[in-house]
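S.K.:
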Amino acid sequence: MLDINSQINKQIYLKSSPKDKLTKENFELKESKINHLDNNQVLVEVIYISIDAANRAWMQGRTYRSQILPGDVMGGYALGKVIDSKSNKYKVGDYVEGDLGWQNYSIVNEAELIKTSIKSSENLHMSVLGITGKTAYFGLELAELKKGETVLISAAAGAVGNVAGQIAKIQGCKVIGITGSDDKAKWLIDELGFDGVINYKNDNFVKDLRAICPEKIDVYFDNVGGPIFESVLFAMNNFGRIICCGAVSQYDQAAPQNGPRGVPGLIVTKRLSLKGFIVMDFEDKKHEAEKQLMEWIDNKQIKPAEDIIIGLENTPSALIGLLNGENKGKRMVKLIK
Ligand SMILES: NC(=O)c1ccc[n+]([C@@H]2O[C@H](COP(=O)([O-])OP(=O)(O)OC[C@H]3O[C@@H](n4cnc5c(N)ncnc54)[C@H](OP(=O)(O)O)[C@@H]3O)[C@@H](O)[C@H]2O)c1
């Protein structure tokens with residue numbers, strides 16, 4: 431039988447707060463013994479760590495969670511299995527999700543966990559059936575899409591963006607993506623059925639945007655903020671809806687930049703609405719979303735796109751790479767072989 435308390439826990443700590451772009455030197459790998467559990471705590475063996483653009487924003491200051499500071503185990507949403515329990519709510523063998531951190535084993539209070547029933551492969555619960563897919567699903571629900579509308583999505587080849595694009599296609603919309611490479615643009619059109627994609631790194635981005643959406647944009651699903659958000663404001667239709675999902679262009683620096691031109695003037699004259707949301711707000715409706723997403727996967731209307739990296743020690747480079755646009759689809763780190 432496994433003697434848990436003799437196991438070594440490998441943990442990645444934030445060593446220093448990044449002053450500018452995140453580097454591997456901001457992290458440090460340490461080993462420790464696993465502590466004994468207190469009442470209402472469980473010991474979880476981490477299986478998959480979700481690599482999220484937001485991980486970097488958590489180092490900038492307070493967001494919807496507390497700031498990650500030097501000396502903290504790096505925070506990160508993850509899927510794991512209970513291997514020891516002093517909780518009446520969780521037993522050994524249960525799958526759980528939560529902020530388990532960048533480590534092999536996590537001791538967590540029962541109130542901070544969500545029990546997960548695995549309906550398909552474990553990795554699918556990190557991608558389309560996980561936070562990623564549900565963010566796309568609930569974000570688009572707020573947009574109240576109508577058939578035939580033009581939907582623009584930034585970070586379209588990323589985790590949330592690619593699912594949002596596929597859902598908007600299912601709903602009969604014209605879907606245009608924004609991404610940072612021609613290879614990703616081709617993949618979105620050829621493999622995932624986007625109607626068009628523009629590369630924001632091209633000099634003529636604004637011209638390309640106008641050319642690809644001559645009818646202008648009804649819904650903008652914004653994952654990036656910054657200069658792209660500003661350009662899109664000018665290309666919106668009257669009564670357009672902007673879904674503010676995230677602002678990845680503002681994360682990998684000391685602090686976010688000043689806001690864009692056109693606010694609030696264009697919001698008034700074009701009668702735009704901006705809606706921000708956090709996926710956890712929809713916890714009570716998550717089963718409905720999972721059921722629908724699973725149905726779309728089964729019917730081949732959504733193709734899951736996953737980018738799986740092996741090994742805890744590769745977690746820092748996985749996040750740095752994601753911020754630099756390395757990933758196609760949902761990036762995650764697998765810890766258990
Ligand atoms: N509201 C919520 O509840 C919620 C939940 C989950 C995620 N989010 C947000 O959703 C967004 C996507 O997150 P994710 O974790 O799924 O990451 P992701 O889209 O898988 O990866 C981030 C992508 O952003 C693009 N990017 C990086 N820097 C950029 C820049 N300066 N300008 C434009 N694009 C840039 C890169 O692709 P390119 O090659 O295209 O540059 C990169 O692959 C983030 O803003 C995140 O905070 C929100």
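First residue of the sequence shown? That's 431 in my numbering, and the numbers climb one at a time after it.
Cβ coordinates follow ideal geometry from the N, Cα and C atoms, glycine included.
1. Compute every distance between the C-beta of Gly741 and the non-hydrogen atoms of ligand 1, then say whether any falls below 8 Å.
2. Taking the alpha-carbon positions, what's the Gln490 to Tyr681 distance?
3. Measuring alpha carbon to alpha carbon, tell me which residue in Lys549, Gln471, Gly506 and Arg492 is nearest Ile513.
4. Looking at ligand 1, does it come within less than 8 Å of Cys603, judged from the CB to the closest heavy atom?
5. Helix, strand or coil for Glu645, going by three-state DSSP, please let me know.
6. Around the C-beta of Lys454, are 16 or more other C-beta atoms found within 10 angstroms, so that it is buried, or is it exposed?
7. May I have the straight-line CA-CA distance separating Thr609 from Ile697, to the nearest angstrom?
8. What does a CB cutoff of less than 7 Å around Pro734 pick up in its chain, not counting 5 residues either side in sequence?
9. Answer yes or no: do Val581 and Ile647 have a C-beta to C-beta separation smaller than 9 Å?
10. Going by the DSSP bridge assignment, what does Gln533 pair with across the sheet?
11. Quick check for students: name the residue ranges of the beta strand (DSSP E) that lie wholly in the region 450 to 483, counting only runs of 3 or more.
12. Given 8 Å as the limit, tell me if Val512 has its C-beta closer than that to any heavy atom belonging to ligand 1.
13. By how many angstroms is the C-alpha of Ile606 removed from the C-alpha of Met724?
14. Can you tell which of Arg691, Lys516 and Ile544 has the C-alpha that lies nearest to the C-alpha of Asp714?
15. With a threshold of 9 Å between beta-carbons, can Glu713 be considered close to chain C, or not?
16. Note down the Cα distance separating Tyr525 from Asn632, rounded to an integer number of angstroms.
17. Does any heavy atom of ligand 1 sit closer than 8 Å to the C-beta of Asp714?
18. Under three-state DSSP, which class holds Tyr507?
19. Verify whether the separation of the beta carbon atoms of Gly591 and Ala566 is less than 9 Å.
20. On the DSSP bridge assignment, give the partners of Arg671 in chain order.
21. How far does the beta strand (DSSP E) with Thr609 in it reach, from first residue to last?
22. I need the straight-line Cα distance from Lys764 to Asn518, nearest angstrom please.
23. Within the continuous alpha helix (DSSP H) that includes Asp728, where are the two ends?
24. Going by C-alpha distance, which of Ser515, Lys445, Gly506 and Ile561 is nearest Glu708?
25. Could you give the DSSP three-state label for Glu736: helix, strand or coil?
26. Could you check if Ile608 belongs to the surroundings of ligand 1, using beta carbon to heavy atom distance under 8 Å?
27. Start and end of the alpha helix (DSSP H) containing Gly595?
28. With distances taken Cα to Cα, identify the nearest neighbour of Phe457 among Asn485, Gly692, Ala719 and Lys549.
29. When you compare each of Asn439, Gly670, Ile548 and Ala483 to Phe756 by their alpha carbons, which one comes out closest?
30. Would you list the one or two residues that DSSP bridges to Thr546?
31. Is Ile658 near ligand 1, judged by its Cβ being under 8 Å from some heavy atom?
32. From the DSSP secondary-structure annotation, give me the bridge partner or partners of Met666.
33. Can you tell me where the beta strand (DSSP E) with Gly501 in it begins and where it stops?
M.R.: Taking the structure as given:
1. no
2. 8 Å
3. Gln471
4. no
5. coil
6. exposed
7. 25 Å
8. Leu554, Ser557, Val558 and Ile727
9. yes
10. Gln441
11. 457 to 463 and 471 to 480
12. no
13. 24 Å
14. Ile544
15. Protein chains in the displayed structure number just one, and chain C is not present.
16. 44 Å
17. no
18. strand
19. yes
20. Val649 and Ser703
21. Lys604 to Thr609
22. 28 Å
23. Lys716 to Asp728
24. For the sequence presented, residue 708 should be read as Ile rather than Glu. Among Ser515, Lys445, Gly506 and Ile561, the Cα nearest to that of Ile708 belongs to Ile561.
25. strand
26. yes
27. Ala589 to Ile600
28. Asn485
29. According to the sequence provided, residue 756 is Glu. The question's Phe does not apply to it. Closest option to Glu756, Cα to Cα, is Ala483.
30. Tyr525
31. yes
32. Ile647
33. Here Gly501 belongs to no beta strand (DSSP E), and DSSP marks it neither H nor E.
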